[in-house]
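If you use numbering that gives the first Met the number 0, the sequence shown corresponds to residues 0 to 618, in order.
In this text, a Cβ means the ideal position worked out from N, Cα and C, and glycines have one as well.
Here's the structure we're looking at; comments come further down.
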Amino acid sequence: MTWGTELWDQFENLDKHTQWGIDFLERYAKFVKERLEIEQTYAKQLRNLVKKYCPKRSKDDEPRFSSCVSYYSILNELNDYAGQREIVAEEMGQDVYGELMRYSQDLKSERKHHLQEGRKAQQYLDQCWKHMDNSKKKFERECKEAEKSQISYDRLDNDINATKSEVEKAKSQLYLRTHSADESKNEYAAQLQNFNGEQWKHFNVAIPQIFKNLQDMDERRTVKLGETYRSFADVERRVVPIISKCLEGMVTAAKAVDQRKDSAIVVESFKSGFEPPGDFPFEDYSQNLSRTGSDNTISTPKNEGVVKPDPKHSISKAAKNKLWLFGKKPKSPPSSPPPAPHRPDLATASHCQAPKFASDPIAFCLSEMRTVKPRIASFRGLKRGAPSLEDFSHLPPEQRRKRLQARIDELSKELQKEVDQRDALNKMKDVYEKNPQMGDPQSLQPKISETMCNMEKLRSEIHKNESWLSEVEGKVSTRGDRRPSADINHHTPHGRESPEGSYTDDPSQEHRSPPHQPDPRQANQPDPRQAHQPDEFDDEFDNDDPLPVLGHCKALYSFDGQNEGTLLMKEDDVLYIIEEDKGDGWTRARKQSGEEGYVPTSYVEIAMEKNSKGAVTYI
């Protein structure tokens, strides 16, 4: 069925139908446009989401935990997924929306051309009909005039009173009218024949061809819509395999989460390399007391077959085998500190009296052993904010060894690059010497010299770090061998943990009276720690690692630090805290230059690291 034969008289309806078809196509194109805008917005939001939760990080901040690695892998897969949504939007814009808009413009132009041809054919047919109608009316009019002339001639011819001239005149008029009627008849017949021929051509040739073109155009529009529907789906189908790979990558990342591996990384990251502290030995202070057989006396355990060691020799041997858990001998605090300035906002601290245990020393010692807690430094020195020294001496040995080894590996890679560059420059220089036309060999000398200088610097850095590494490895092995044993005879004084976090053999430091804060009214009183004097074994541990940083403090007042062991500071100076105030009013601090000493606690404003209380650090 064709429009030309079945719809030969429906020109106006076909005009409306073709216009509706183009409007529908443009409506679908608008739908595709909004769809691809949604895809673009979705992809953009996904990328922003990935960017928000995957910030830029340095090489040192690379995730090591399997859960973090899997999380970042999922973010990368999601970013790839967003890229596929962008591809969907791009291909929809090119293959579907763009094609529809171009085809819509072509359809409009073609439809306009076919409708113009139809209107021209209709106008030509109307013009032919108008000429035929005019000739018909003229023929009718001429016939009526001829009839009137015939009637007039017959009336005069039968009238006996009419003159011959009147009859001749009427006869001549009749002849003219009859001749005009014959001519109008012939013209009308010609116009009628012409109109019938044009009308046949119009409805059997011109209009069917025009309508056939309109039909072909509309069918092609329908076919194009079907193709774009298929393209709309094909765009999605082409990215489905890649999207499936993205989702499979997310599943693989989820399966890669290993809790045991993460736990091992935690151990590797924070392992200090030290051995745990040994048991505290029982120290019998009642050996020199005279014993009787009364029931009120505490009897000492009998050691049959064991010779009682000489106290002098026992103490001497213990001093020679003196071991500190962390390899750091507590330094003697300064002698009597200078008076602190009077501050109205600080209340005068109460003065604690030294414990008196003359009446019952054994009960007092047992009570002290139950109540005194070891003061061990914490991991606060490893937190962000602690000073990062070049030799990583602020880190525990195990962590320091790993950092030094990583730095040595990095420097070795840089050295290898410089060596390769030097070899390449030397080869180029040889080529220039053999072929001077290719270049001047002397022009490469500055670059070779610079490369050699860089190599020397890198070798020096590697040697320096290797010396630090060997030092750390030696200390770790030495400290592991020097772990105190709990099987020593209980009569021998064992190492006890001092308030500074180290072991010491001096029991006088374990049971000392709690010191108080410096007060201007008591500036001349001696410091309780002044009794501690360096012994002959102090030099053995003078070069150990520095204490970790527990926090920061800001100087509120200037302090001259003239006494031995004190630290000079000026107002607003920022210092590192390496030992907290133990109740005597003195805080041990370190300058950024590395100089250490004690400062009055009331002179500084202290900011300790968060969650530092109770943590343990192995220095």
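Query raised in the report: Which of helix, strand or coil does DSSP assign to L48?
Result: One-based indexing of the sequence shown puts residue 48 at position 49. Note: L48 maps to helix in three-state DSSP.
Query - Assigned exposure category for Q9 - 16 Cβ within 10 Å defines buried - result: Counted from its first residue, the sequence shown places residue 9 at position 10. It counts as exposed.
Requested in this report: For A606, count neighbouring C-beta atoms within 10 Å of its own C-beta (all shown protein chains included) and say buried if the count is 16 or more, exposed if not.
Outcome: Against the sequence shown, residue 606 aligns to sequence position 607. That one is exposed.
Report task. Could you tell me whether the stretch 238-248 touches the stretch 71-88, using the rule of 3 or more Cβ pairs below 8 Å? Result -> yes
Query raised in the report: What are the boundary residues of the beta strand (DSSP E) that includes L574?
Result: Residue 574 sits at position 575 when you count from the first residue of the sequence shown. Where L574 is concerned, the enclosing beta strand (DSSP E) stretches over V573 to E578.
Query - Separation of G272 from V598, as counted between CA atoms - result: Position 599 of the sequence shown, counting from 1, holds the residue named residue 598. Position 273 of the sequence shown, counting from 1, holds the residue named residue 272. Approximately 32 Å, taken between the alpha carbons.
Report task. Measure how close the beta-carbons of Y96 and A28 come, nearest whole angstrom, since I'm counting them as under 8 Å. Result -> Locating residue 96 in the sequence shown gives position 97, where the first residue counts as 1. Locating residue 28 in the sequence shown gives position 29, where the first residue counts as 1. That belief holds up - the Cβ atoms of Y96 and A28 are roughly 6 Å apart, short of 8 Å.
Requested in this report: Name the two residues that bound the continuous alpha helix (DSSP H) containing I407.
Outcome: For this step, residue 407 is matched to residue 408 along the sequence shown. Counting along the chain, the alpha helix (DSSP H) containing I407 begins and ends at P396 to K433.
**Report entry** C-alpha distance - D422 paired with N464, whole-angstrom precision
**Finding:** In the sequence shown, counting from the first residue as 1, residue 422 sits at position 423. In the sequence shown, counting from the first residue as 1, residue 464 sits at position 465. Between the alpha carbons of D422 and N464 lies a distance of about 26 Å.
Requested in this report: May I ask you to report which of helix, strand or coil DSSP gives G97?
Outcome: Within the sequence shown, numbered from 1, the residue matching residue 97 stands at position 98. Helix at G97.
Query - Pairwise C-alpha distance: W467 and D278 - result: On the sequence shown, residue 278 is found 279 positions in, with the first residue counted as 1. On the sequence shown, residue 467 is found 468 positions in, with the first residue counted as 1. Cα-Cα distance, rounded: 32 Å.
Query raised in the report: Between E116 and the rest of its own chain, which residues show a CB-CB distance below 6 Å, the 5 nearest in sequence each way excluded?
Result: If you number the sequence shown from 1, residue 116 lands on position 117. Around E116: I209.
Query raised in the report: So E595 packs on I577, CB below 8 Å; how close in whole Å?
Result: Residue mapping note: residue 595 aligns to position 596 of the sequence shown, counting from 1. Residue mapping note: residue 577 aligns to position 578 of the sequence shown, counting from 1. That pair is a contact at about 7 Å.
**Report entry** 8 Å Cβ cutoff met for P440 and E432
**Finding:** Position 441 of the sequence shown holds residue 440. Position 433 of the sequence shown holds residue 432. Yes, Cβ-Cβ distance for P440 and E432 is below 8 Å.
Query raised in the report: How long is the line joining the alpha carbons of A554 and T600, rounded to whole angstroms?
Result: Locating residue 554 in the sequence shown gives position 555, counting from the first residue. Locating residue 600 in the sequence shown gives position 601, counting from the first residue. Each residue's CA atom was taken as its position, placing A554 and T600 some 10 Å apart.
Query - Among T162, S469 and R176, nearest to F138 - alpha-carbon criterion - result: As a position in the sequence shown, residue 138 is number 139, starting the count at 1. Comparing Cα positions, the closest option is R176.
**Report entry** Cβ neighbour criterion (16 or more within 10 Å) applied to A189
**Finding:** As a position in the sequence shown, residue 189 is number 190, starting the count at 1. An exposed status is given to A189, since fewer than 16 other beta-carbon atoms sit within 10 Å of its beta-carbon.
Query - Alpha-carbon to alpha-carbon, G560 and R589 - result: Here residue 589 refers to the residue found at position 590 when the sequence shown is read from its first residue. Here residue 560 refers to the residue found at position 561 when the sequence shown is read from its first residue. C-alpha separation (whole angstroms): 13 Å.
Requested in this report: Starting from the C-beta of K15, find all residues in its chain whose C-beta is less than 7 Å away, skip the five residues before and the five after it, and write them out in chain order.
Outcome: In the sequence shown, residue 15 corresponds to position 16, counting from 1. If we look at K15 and ignore the five residues flanking it on each side, it has no Cβ neighbours.
Query - Length of the line joining the Cα atoms of W7 and N203 - result: Numbered from 1 along the sequence shown, position 8 holds the residue referred to as residue 7. Numbered from 1 along the sequence shown, position 204 holds the residue referred to as residue 203. Going by the C-alpha atoms only, they are around 9 Å apart.
Report task. Consider the C-beta atom of R219 and the heavy atoms of the ligand ZN; say whether any pair is separated by less than 7 Å. Result -> Ligands are entirely absent from the displayed structure, and the ligand ZN is therefore not among its contents.
Report task. Specify the secondary structure class of H551 as computed by DSSP and reduced to three states. Result -> The residue given as residue 551 occupies position 552 in the sequence shown. Strand.
Query - Cβ pair count under 8 Å reaching 3, the stretch 30-42 against the stretch 214-225 - result: no
Query raised in the report: Given that a residue counts as buried once 16 or more other Cβ atoms are within 10 Å of its Cβ, and exposed if not, what is C127?
Result: Counting from one through the sequence shown, the residue named residue 127 turns up at place 128. Label assigned to C127: buried.
Query raised in the report: From the DSSP output, which residues share a beta bridge with A161?
Result: Numbered from 1 along the sequence shown, position 162 holds the residue referred to as residue 161. Beta-bridge annotation (DSSP): A161 is not paired with any residue.
Requested in this report: Assign E604 to one of three DSSP states: helix, strand, or coil.
Outcome: Here the question's residue 604 lines up with position 605 in the sequence shown. Strand at E604.
Query - Exposed unless 16 or more other CB atoms sit within 10 angstroms - verdict on N212 - result: Walking along the sequence shown from the start, residue 212 turns up at place 213. Per the 10 Å Cβ criterion, buried.
Query - Where the alpha helix (DSSP H) through P240 begins and ends - result: On the sequence shown, position 241 is the one that residue 240 refers to. Residues I206 to K254.
Query - Continuous alpha helix (DSSP H) assignments of at least 4 residues falling wholly in the stretch 61-133 - result: 65-90
Query raised in the report: The beta strand (DSSP E) spanning E595 covers which residue range?
Result: Position 596 of the sequence shown holds residue 595. It spans E595 to P599 - the beta strand (DSSP E) in which E595 sits, taken as one unbroken run.
**Report entry** Residue of H201, V87 and N157 minimising C-alpha distance to A40
**Finding:** Mapped onto the sequence shown, residue 40 falls at position 41. Per the sequence shown, residue 40 should be read as Thr rather than Ala. Of the candidates H201, V87 and N157, the one whose C-alpha sits nearest the C-alpha of T40 is V87.
Query raised in the report: Would DSSP call L13 helix, strand or coil?
Result: Locating residue 13 in the sequence shown gives position 14, counting from the first residue. When DSSP states are grouped into helix, strand and coil, L13 belongs to the helix group.
Query raised in the report: Where does M0 sit, in a helix, a strand or coil, going by DSSP?
Result: As a working mapping, residue 0 is identified with position 1 in the sequence shown. Note: M0 maps to coil in three-state DSSP.
Query raised in the report: Near L414, what residues of its chain come up, given a Cβ to Cβ distance below 6 Å and the 5 sequence neighbours on each side ignored?
Result: The residue labelled residue 414 in the question sits at position 415 within the sequence shown. So the list reads L457, once near-sequence residues are dropped.
Query - Residues near P62 by beta carbon distance below 7 Å, same chain, minus five either side - result: The residue you call residue 62 lines up with position 63 of the sequence shown. Here the set comprises V68 and Y71.
Query raised in the report: Any idea if H112 is buried or exposed, counting beta-carbon neighbours within 10 angstroms, 16 or more meaning buried?
Result: Here residue 112 refers to the residue found at position 113 when the sequence shown is read from its first residue. The residue is exposed, with fewer than 16 neighbouring Cβ atoms inside 10 Å.
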